[in-house]
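Per this note's numbering: the sequence shown = residues -7 to 255.
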Amino acid sequence: MNTITINYPGPPVDAVMPATGQTILLGLSTAIVLVTLVFAIRMAAKYKSALPVLFMVAGFCTVILEPMVDNFGHIVFPEIGQIMLFKTHDRAIPVFVALIYAFYFPIVFLTLFPRIVNNDFTAGLIWKSFFIALVPAWFLEMIPIRLHWWIYYDNQALWLWKNSLPLFWVFVNITCVFVALTLIKFLYPLMKGWKQLLVIVLSPMGAVMGHFGAGFPFYNATNSTASPLVVNLCGLVSIGLCFLIMMICVNVLVNKNCSYVRS
């Protein structure tokens, strides 16, 4: 009987979460969440809407995506010594990651919420926001990666130098935020009263759509017998798909008539 050889590099199961670093990251992420929450509450009062605060709940809940992406994309948070929130797909997710999600997505949602309310997005604004967001998305992970708070392991796409974030992840991480934003804008006319709670599922939905819609070439290549060259080429294809997805998002966001209409 023929057997299939799968090149699936195992995660470093003996990695230890740095105790001091974890404490620092917990404190720092909590502080950023609180500052973001104050901003969200003020915006909620200004627009007389619960959505700004619910954006933070939605961001927190989006962490449910993390284990799937980590498993397919070869990322691990050291489990030994970790203050764990939950574990699934053979990936333990620490509390501080959920706190990061609680401001990572909402910062974009809150910044562009006035545009959602007034339905006055422009293509230039969206593309500018996208490219600007790529920069902090890359820098955000540099120190944690170097200090081994989370670990990327082979095979990665467009990993120009070790102890840094592979470029594939920079683009796909931000793309999924804008997919979620697009879903929120599309359904905004519906989200009145208790229906505002829909945003809590729209954020994870958009994240999954963005990550796997753009990332499937890389995810398949890195979990196969493909050579590093093929993995890198698939990473480039995935980045190309990020731009295709963003083009779709831009067209939905700038179209004033492209939103939910009760049938």
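Just so you know, even glycine gets a beta-carbon here, dropped at the ideal spot from N, CA and C.
- Per DSSP, the continuous beta strand (DSSP E) segment holding Leu77 begins and ends at Met76 to Thr80.
- Leu77 and Phe52 have their C-alpha atoms spaced approximately 12 angstroms apart.
- The C-alpha of Lys38 is placed about 35 angstroms away from the C-alpha of Ile85.
- Boundaries cannot be given for Arg254, as no beta strand (DSSP E) includes it and DSSP labels it neither H nor E.
- Sequence-distant Cβ neighbours of Ile99 in its own chain, meaning closer than 7 angstroms and more than five residues away, are Thr28.
- The C-alpha of Met48 is placed about 14 angstroms away from the C-alpha of Ser41.
- In the DSSP assignment, Ile72 is bridged to Val8.
- At least 8 angstroms separates the beta-carbon of Asp112 from that of Arg83.
- Phe210 sits close to Ala149, with the two beta carbons spaced by under 8 angstroms.
- With contact defined as three or more Cβ pairs closer than 8 angstroms, the stretch 159 to 168 and the stretch 193 to 211 are in contact.
- Sequence-distant Cβ neighbours of Val55 in its own chain, meaning closer than 7 angstroms and more than five residues away, are Ile85, Val89, Ala90 and Tyr93.
- Exclusion of the five residues before and after Trp130 leaves Leu157 and Val162 as the residues of its chain whose Cβ lies within less than 6 angstroms of its Cβ.
- Lys120 sits exposed, since fewer than 16 C-beta atoms from the chains shown fall within 10 Å of its C-beta.
- Per DSSP, reduced to three states, the secondary structure at Pro158 is coil, with no helix or strand assignment.
- A distance of 8 angstroms or more separates the beta carbons of Val127 and Cys234.
- For Ala199, the enclosing alpha helix (DSSP H) covers residues Val191 to Thr214.
- A distance below 7 angstroms between beta-carbons, with the five flanking residues on each side excluded, links Ile176 to the following residues of its chain, in chain order: Phe101, Ile108, Val191 and Leu194.
- In the DSSP secondary-structure assignment, Tyr145 is not bridged to any residue.
- At the C-beta level, Tyr144 and Ile67 come within 8 angstroms of one another.
- In this structure, Phe105 places its C-beta atom within 8 angstroms of the C-beta atom of Pro44.
- In this structure, Val8 keeps its C-beta atom at 8 angstroms or more from the C-beta atom of Ile75.
- Just so you know, the alpha carbons of Thr217 and His81 end up roughly 21 angstroms apart.
- For Met239, the number of other beta carbons within 10 angstroms of its own is below 16, and it is reported as exposed.
- A Cβ-Cβ distance of about 5 angstroms is found for the pair Trp142 and Phe69, placing them in contact under the 8 angstroms criterion.
- Ala50 is a Cβ neighbour of Phe97, given a cutoff of 8 angstroms.
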